Amino acid sequence: MSNLFSLNELATNESGEIAYIHKDSIMRHRLWDLGFTKGAKVRILYTNPSGSPRAYLIRESVIALRNEDASSIKIELEQNREGVRNEDGVNS
Amino acid sequence: MGLTVNSTGTALLKEDLSLTYLEEDSSKTAVVALAGNPNTGKSTVFNNLTGLKQHTGNWPGKTVAISKGQYTFNDENYVIVDLPGTYSLFADSPEEEIARDFICFSRPDVTVVVVDATCLERNLHLVLQILEITTKVVVCVNLIDEAKQKNIIIDTKKLAEFLQVEVVSTNARSGEGLKKLQEAISNVALRKEKPDTCIIRYEESLETHITKAIEILENTKIEFLKKRWLALRILDRDQSLTKKLENYFPTDQPNQLEIFSEQLFNQPLVGDFRESIVLSLYKQAEIIANTVTSKNSQANKLRFNFDRIALSKFWGIPLMLLCLGIVFWLTLVGANYPSQLLSQLFSQLEEYLFLGFNYLPVPQLVKELFILGIYRTLAWVVAVMLPPMAIFFPLFTLLEDWGLLPRIAFNLDHLFQKSGAHGKQSLTMCMGFGCNAAGVIAARIIDSPRERLLAILTNNFVPCNGRFPTLITMILLFFSGSGILASFSASIIMLLLIVGAVFVTLIVSKYLSKTVLKGIASSFTLELPPYRKPQIGKILIRSLLDRTLFVLSRAIIVAAPAGALIWFLANFGVNGQSYLEIFATFLSPLGKLMGLDGVILAAFLLGLPANEIVLPIIFMAYTSHGSLIEFESLTATKSILLNNGWTSLTAFCLMVFSLNHFPCGTTLLTIKKETGSWYWTFLSFLIPTIIGIASCIFVSQVARILSFL
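Chains as they are written, first to last, in the working numbering: chain A, 1 to 92; chain B, 93 to 801.
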């Protein structure tokens, strides 16, 4: 499981599958209710000029999360694109 | 909660929140609960069924309190209750608890779950949870027009088979399918609740626990709740529920439920119970959604998505400002003509009134009280205040209906986060544009009490509709210049004022976050709903009517008595000085220091009941000494002000103070009601007032020093 990223580290339009949500996140319940569950597919759509919040496509709806909150969601990238990705996850 | 006659101004204070139990004669009337995810069109369904005018807007969390209405179908009465929109019923938030408690304890005859056809999977998550509580459910697949646009088709028959309940597809905005919905509701109302059913089978390890729990619960007397669901809740350690259930046990054995719970908790659970439930629910929702939905995804990709611009790094904020600027410009241009027309009409009418009064056997004083006091203030409020309000409001509602507000929240969030405030505070500020009291109420969408207080305390920095015309008048008289470009420059000045107001809000929020409301920004989630074509005709007409009614009622309730009071203060006094003069002279030193004068300060104080009457009071006071001046044109108005020693500095300071001073009476009472504390109410009075006085003094003194150089 080397290609696990925090959700906020993904680049715009990148997508992946949720591996898990960190146990300490006080938002776990809320995130589950919004559809951020293990195995669900997420895609990054938009990013605020300052980098946070970012808007995600999850189960056909668009939800914005602040990066602090998104960082507790761990993502397995859809394809192994590590060679293509920039280190900081900025869209290339 | 949005902006209508019922959701702005004093009507807010009458709202009854404690609606958990219904008094209606239950034998004759069926109770229908309306549940669903936020922003699925629940309120639209509600309005269409009941003919009520609950405000709808395109942002999640608008319905913050329960509203109730009724309708008749086939001679049967139905009371329909619009529950707050929720993503689940686990009662993690107040709205979820309200919705769940209503379905559990008020036991409606029918629960209608409104679901979004374009986003079925997540919506089914809630449907399945509700089905575990009750089977007397109608699933209303709404927004089928939007689904059609996205080439999504929902097979309602198949969905009904899956869920074993009635399913109706609707487009609530056009009214399509609502007859069928009413039929389905009446069918289900007559039906009996099915006995314990198993909607979802969970993981085997959970099921063993559930079976055990059900066995234990067989001994309780809670007949109205499904044992399986109750077992699940207890296993999930849902204390908000078990606490409420204590009332259902005889007092001589109060520990019964606790004993059961303890027995259950003794069984060690593997993994995270809640996660396991949620995963099973979603798995089932996925299976159902995939089977009943057919879509042509290619067409979807071809659609242009406006968010690419609205939420882009570069265009986002300029675009928001442009939208607001256009609204201001339209307001300024549009309000000009009707304002003049109304002024002329009113001054004409004033002459007739004078003539008419001559025939009546009333003393001169009474005549003047009515015409110079009450009538003139009323005329002022209506002529000057009404047109901009009646134009700005519908336009703003259009933007709201379209879906701009959540985008504003998205683009501004980082600023609020830096101030330790909640991202949804920008939504409450948008409501504040219409009415600060409504903005204060809207703060209910913020869960964290600290951040909610921040939103409440700072809402007043957004100029409400009552202050808006004051600002416009000042800009037009002193700053915008004249000619064709005047309306443009005025809009830009207005825009700058709003940017300034947001800036002050952020600074004050930050300061409060560091002092009395210490803390850091809590987490938040924001759903960005798709853009929806606003119902232009409907909104324009209703919003216009609403605003007109609102202003007129405020004018009658507040402006008329204020007019009488001002007239009295201006015409009576001691030692040859009127009370108003005495009052103004008393306030004069402070007023002068602030770049204003005593009369202006007096007007703000007397205008406490409503900001609309501040300008009228100023003019009343200036013109109270016999000389009749007609208010037909801006130049005439300006000459009155100039004769009383005004300069552009006075006008500027008035705008600053108008933006930063104590909230109006209604807003203060609403703050008291919402916070339940005089302390916060007092602070909300004090903070803007101090800022207003300080910045006025600063501005005027700097200006004076500069003019000496």
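Don't be surprised by glycine CBs; every beta carbon is placed ideally from N, CA and C. Since the structure is predicted, the reported quantities are computational estimates derived from the model, not experimental observations.
Please classify residue i as buried or exposed, where buried requires at least 16 neighbouring CB atoms within 10 angstroms.
{"i": "Lys318/B", "result": "buried"}
{"i": "Trp770/B", "result": "exposed"}
{"i": "Glu443/B", "result": "exposed"}
{"i": "His22/A", "result": "exposed"}
{"i": "Gln509/B", "result": "buried"}
{"i": "Ile797/B", "result": "exposed"}
{"i": "Thr759/B", "result": "buried"}
{"i": "Val454/B", "result": "exposed"}
{"i": "Asp330/B", "result": "buried"}
{"i": "Asn388/B", "result": "exposed"}
{"i": "Asn557/B", "result": "buried"}
{"i": "Ser719/B", "result": "Here the model assigns Ser719/B a pLDDT of 44, short of 50, so the residue's position is not dependable and the matter cannot be decided."}
{"i": "Cys290/B", "result": "exposed"}
{"i": "Pro410/B", "result": "exposed"}
{"i": "Gly16/A", "result": "buried"}
{"i": "Asn752/B", "result": "buried"}
{"i": "Pro479/B", "result": "buried"}
Could you check the C-alpha separation between residue i and residue j for me, to the nearest Å?
{"i": "Arg837/B", "j": "Val666/B", "result": "In the structure as shown, chain B begins at 93 and stops at 801. Residue 837/B is therefore absent and cannot be evaluated."}
{"i": "Glu268/B", "j": "Val137/B", "result": "10 Å"}
{"i": "Phe485/B", "j": "Arg468/B", "result": "25 Å"}
{"i": "Ala702/B", "j": "Ile648/B", "result": "12 Å"}
{"i": "Val280/B", "j": "Lys228/B", "result": "6 Å"}
{"i": "Phe744/B", "j": "Arg66/A", "result": "38 Å"}
{"i": "Ile26/A", "j": "Lys271/B", "result": "43 Å"}
{"i": "Leu604/B", "j": "Leu546/B", "result": "7 Å"}
{"i": "Leu644/B", "j": "Pro186/B", "result": "36 Å"}
{"i": "Asn243/B", "j": "Ile306/B", "result": "44 Å"}
{"i": "Leu635/B", "j": "Thr489/B", "result": "Note that residue 635/B corresponds to Ser in the displayed sequence, not to Leu. Whole-angstrom Cα-Cα distance: 8 Å."}
{"i": "Pro53/A", "j": "Ile674/B", "result": "55 Å"}
{"i": "Lys405/B", "j": "Asn503/B", "result": "9 Å"}
{"i": "Thr142/B", "j": "Ala662/B", "result": "49 Å"}
{"i": "Met481/B", "j": "Ala475/B", "result": "11 Å"}
{"i": "Leu7/A", "j": "Trp494/B", "result": "29 Å"}
{"i": "Phe571/B", "j": "Ala578/B", "result": "9 Å"}
Is there at least one Cβ from chain B nearer than 9 Å to residue i's Cβ?
{"i": "Lys74/A", "result": "no"}
{"i": "Asn99/A", "result": "Residue 99/A lies beyond the residue range present for chain A, which begins at 1 and ends at 92; the question has no answer from this structure."}
{"i": "Val62/A", "result": "yes"}
{"i": "His22/A", "result": "no"}
{"i": "Ser52/A", "result": "yes"}
{"i": "Arg43/A", "result": "no"}
{"i": "Asn48/A", "result": "yes"}
{"i": "Gly39/A", "result": "yes"}
{"i": "Leu7/A", "result": "no"}
{"i": "Leu94/A", "result": "In the structure as shown, chain A begins at 1 and stops at 92. Residue 94/A is therefore absent and cannot be evaluated."}
{"i": "Glu14/A", "result": "no"}
Taking 9 Å as the CB-CB limit, is residue i close to chain C?
{"i": "Pro755/B", "result": "No chain C is present in this structure, whose protein chains are A and B."}
From what residue to what residue does the alpha helix (DSSP H) around residue i run?
{"i": "Gly426/B", "result": "Gly408 to Asn450"}
{"i": "Val591/B", "result": "Ala578 to Lys606"}
{"i": "Lys41/A", "result": "That residue, Lys41/A, is in no alpha helix (DSSP H); its beta strand (DSSP E) goes Lys41 to Thr47."}
{"i": "Asp208/B", "result": "Taken as a continuous stretch (DSSP letters only), Asp208/B belongs to no alpha helix (DSSP H), being part of the beta strand (DSSP E) at Val202 to Asp208."}
{"i": "Lys335/B", "result": "Gln331 to Leu337"}
{"i": "Ser278/B", "result": "Leu270 to Leu282"}
{"i": "Ser799/B", "result": "Trp770 to Phe800"}
{"i": "Tyr374/B", "result": "Phe365 to Val384"}
Using a C-beta cutoff of 9 Å, does residue i count as contacting chain A?
{"i": "Thr210/B", "result": "yes"}
{"i": "Phe398/B", "result": "no"}
{"i": "Thr383/B", "result": "no"}
{"i": "Leu394/B", "result": "Its pLDDT being 47, under 50, Leu394/B is placed unreliably by the model, and nothing is read from it."}
{"i": "Tyr294/B", "result": "no"}
{"i": "Val370/B", "result": "yes"}
Considering just the uninterrupted stretch of the beta strand (DSSP E) at residue i, what are its terminal residues?
{"i": "Cys756/B", "result": "Counting along the chain, Cys756/B falls outside any beta strand (DSSP E), and DSSP gives it neither H nor E."}
{"i": "Asn169/B", "result": "Glu168 to Asp174"}
{"i": "Asn8/A", "result": "Where Asn8/A is concerned, there is no enclosing beta strand (DSSP E), given that its DSSP letter is neither H nor E."}
{"i": "Arg54/A", "result": "Arg54 to Ile58"}
{"i": "Gln162/B", "result": "Ser159 to Phe165"}
{"i": "Tyr671/B", "result": "First-last for Tyr671/B: Tyr671 to Leu685, but that is the alpha helix (DSSP H), not the beta strand (DSSP E)."}
{"i": "Leu126/B", "result": "Thr121 to Gly128"}
The region 782 to 791 of chain B in contact with the region 726 to 733 of chain B per 3-pair CB rule at 8 Å: no
Touching by the beta-carbon criterion (3+ pairs, under 8 Å), the region 521 to 533 of chain B and the region 545 to 558 of chain B: yes
Segment contact flag, the region 169 to 176 of chain B with the region 120 to 131 of chain B, C-beta cutoff 8 Å, min 3 pairs: yes
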